[in-house]
Amino acid sequence: MAGTRAGSVWYEKVEQIGEGTYGQVYRARHRVSGKVVALKKIRVHNEHNGLPLTAIREIKILKELSHPNMVELLEVVTLFLVLEYVDHDLAGLLDMHYCFSPQAIKMIIKQLLEVLQHMHEHRYVHRDIKCSNILLDNHHRLKLADFGLARRLCEDQDRQLSNKVITLWYRPPELLLGARRYGPPVDMWGVGCILSELILQKPLLPGKVELEQLEMIFKVVGTPTDSAWPGHAELPLWQEMQPPVFYPNVLKSHLLETARKMGTHSSMTPEAVDLIARLMTLDPQRRMSAKTALEGRLSSTPARRRAAAALRAPQYTFSTSHIRPQHMISTPRCTLHAGQARRRRRRRQRSILAARAPAHGIRPAVGAILCAFRTAPLHGQAGAAA
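Just so you know, we're using full-length UniProt numbering here: the sequence shown kicks off at 1 and counts up by one.
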């Protein structure tokens with residue numbers, strides 16, 4: 001890196017905070033302005049034809065699209081992407097057993113839906129929606145990151161795409177069954193998984209291999225039928241991977257029972273259960289879209305005004321003072337500093353990397369319903385998670 005504008009001249013690396021689709025991510029500081037940024041190194045040693053395609057795609061998307069809840073590309077320098085720095089990611093906070101209040105969960109999901117609606121309206125699919133790609137600052141402002149697997153949808157309906165995308169725990173059933181033609185619904189399945197994970201404080205469907213992942217989906221969401229999912233039997237892997245027995249759809253009861261066991265039943269409201277069920281519909285054609293989830297009178301409701309006020313609240317440092325002791329596997333420090341959660345998550349991911357990785361070496365990657373979430377008082381400052 002010596003002699004590059006990104007490294008030795010303009011930016012000083014502080015620490016590694018993660019690893020993206022095609023390289024390491026560092027927290028860095030501009031030597032002149034002092035601005036803290038995320039420095040994403042592009043790994044090229046295995047590329048014979050220039051930059052990796054994933055890097056080119058991410059640069060193209062970040063230059064073409066701009067949204068308040070999309071991580072901002074500040075500049076591109078030799079072998080590096082300079083991105084805005086965001087304090088935390090959702091996976092790290094969940095690994096620290098951080099308990100989000102119902103209001104905080106609603107704010108997070110709403111922002112995620114807004115940025116996905118923006119992408120989908122511009123005919124982009126993210127294809128790697130998961131907790132580690134959802135960044136949060138100390139005001140609960142969300143930034144979606146890592147666009148290395150994102151694709152622009154073509155007008156050509158016969159264009160086939162890879163189905164070996166999206167981290168296994170968040171991968172929808174149509175991809176597991178070999179679908180090569182798909183669109184925005186693959187992202188929406190992941191939103192449902194993330195919403196349930198925020199409430200339950202653990203992954204809903206943590207499969208280790210593709211067959212197990214599909215079986216877990218069927219055991220919870222039910223075995224596909226012609227009425228529930230027309231055309232599912234025509235997918236390439238259906239005959240090979242169909243379950244030997246019929247499973248009914250027990251998603252709603254499963255969510256309520258798991259929330260009761262985890263002590264998070266106050267957040268698993270009927271409205272939240274209904275939203276998850278609509279996002280995790282087996283048939284992608286019937287799966288709720290980001291636009292539909294955001295429709296309604298959300299902008300004029302008291303809940304929406306409280307959410308907006310919370311986003312303008314003073315800075316709040318994520319604290320572990322509200323962590324439920326029964327869910328702790330270790331005693332964290334009193335304050336969750338920037339990057340601490342990411343470091344702890346990386347150590348944990350080393351032991352489960354094989355479980356998350358898809359096959360063939362490709363990286364794993366609310367309108368009327370949303371505003372009906374039961375409003376709960378926030379602990380601490382406005383906008384803070386309980």
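Yeah, the Cβ is synthetic: ideal placement off N, Cα and C, and Gly gets one too.
Setting aside the 5 residues that flank it on each side, VAL221 is surrounded in the same chain by ASN249, LEU251, MET280 and LEU282, each with a C-beta closer than 7 angstroms to its C-beta; the list follows chain order.
According to the DSSP assignment, ALA38 belongs to the beta strand (DSSP E) that extends over 36-41. Membership of VAL220 in the alpha helix (DSSP H) is indicated by the continuous run 210-221. The Cβ atoms of VAL36 and LEU74 lie no closer than 8 angstroms to each other. Under the three-state reduction of DSSP output, TYR170 falls in the helix class. At a Cβ-Cβ threshold of 8 angstroms, MET241 and LEU177 count as neighbours. Rounded to the nearest whole angstrom, the CA to CA distance from VAL191 to LEU237 is 24 angstroms. Collapsing the DSSP output to three states places GLU84 in a strand.
Between the alpha carbons of GLU15 and LEU136 lies a distance of about 18 angstroms. Rounded to whole angstroms, the gap between the alpha carbons of ARG159 and LYS202 is 36 angstroms. Within the stretch 56-101, the complete alpha helix (DSSP H) segments of 4 residues or longer fall at 90-95, listed in chain order. Between LEU294 and LEU113, the CB-CB gap stays under 8 angstroms. Distance check between SER253 and each of ALA272, ARG152, PHE246 and GLN239 places ALA272 closest, using alpha-carbon atoms only. Taking the CA atoms as reference points, CYS154 sits about 13 angstroms from PRO184. If you draw a 10 Å sphere on the C-beta of GLN285, you find fewer than 16 other C-beta atoms in it, and that means exposed. DSSP places VAL186 inside the alpha helix (DSSP H), whose first and last residues are 185-200. A direct Cα-Cα distance of roughly 41 angstroms separates TRP169 from VAL9. Contact check for LEU195 against PHE100 fails: the beta carbons are separated by 8 angstroms or more. For HIS122, the number of other beta carbons within 10 angstroms of its own is below 16, and it is reported as exposed. Going by beta carbons, LEU256 and ILE276 fall outside the 8 angstroms limit.
Taking every protein chain shown into account, the CB of GLN111 has 16 or more other CB atoms within 10 angstroms, so this residue is buried.
Taking all protein chains in view, the Cβ of SER289 is crowded by 16 or more other Cβ atoms within 10 Å, so the residue is classified as buried. Residue burial is scored here from C-beta neighbours: LEU204 has at least 16 other C-beta atoms within 10 angstroms and is therefore classed as buried. DSSP, read as helix, strand or coil, puts LEU142 in strand. The DSSP-derived three-state label of VAL25 is strand.
With respect to the 8 angstroms criterion, ASP87 and ASN138 are classified as neighbours on the basis of their beta carbons. DSSP, read as helix, strand or coil, puts LYS130 in coil.
Under the three-state reduction of DSSP output, VAL32 falls in the coil class, being neither helix nor strand.
Looking at the backbone, the Cα of MET262 and that of LEU200 are separated by about 7 angstroms. In the same chain as PRO224, and ignoring 5 residues on each side of it, the C-beta atoms closer than 7 angstroms to its own belong to HIS232 and LEU282, in chain order. Taking the Cβ atoms as the reference, LEU53 lies roughly 11 angstroms from ILE42, outside the contact range of under 8 angstroms. Relative to GLU72, the option among PHE147, LEU93 and PRO230 whose CA is nearest is PHE147.
Here the alpha carbon of MET188 sits roughly 11 angstroms from the alpha carbon of LYS291.
At least 8 angstroms separates the beta-carbon of SER266 from that of ILE105.
Non-local C-beta neighbours of THR264 in its own chain, meaning closer than 7 angstroms and more than five positions away in sequence, comprise ILE199, LEU200 and GLN201, ordered along the chain. If you look at GLN239, you'll find it in the alpha helix (DSSP H) that goes 238-241.
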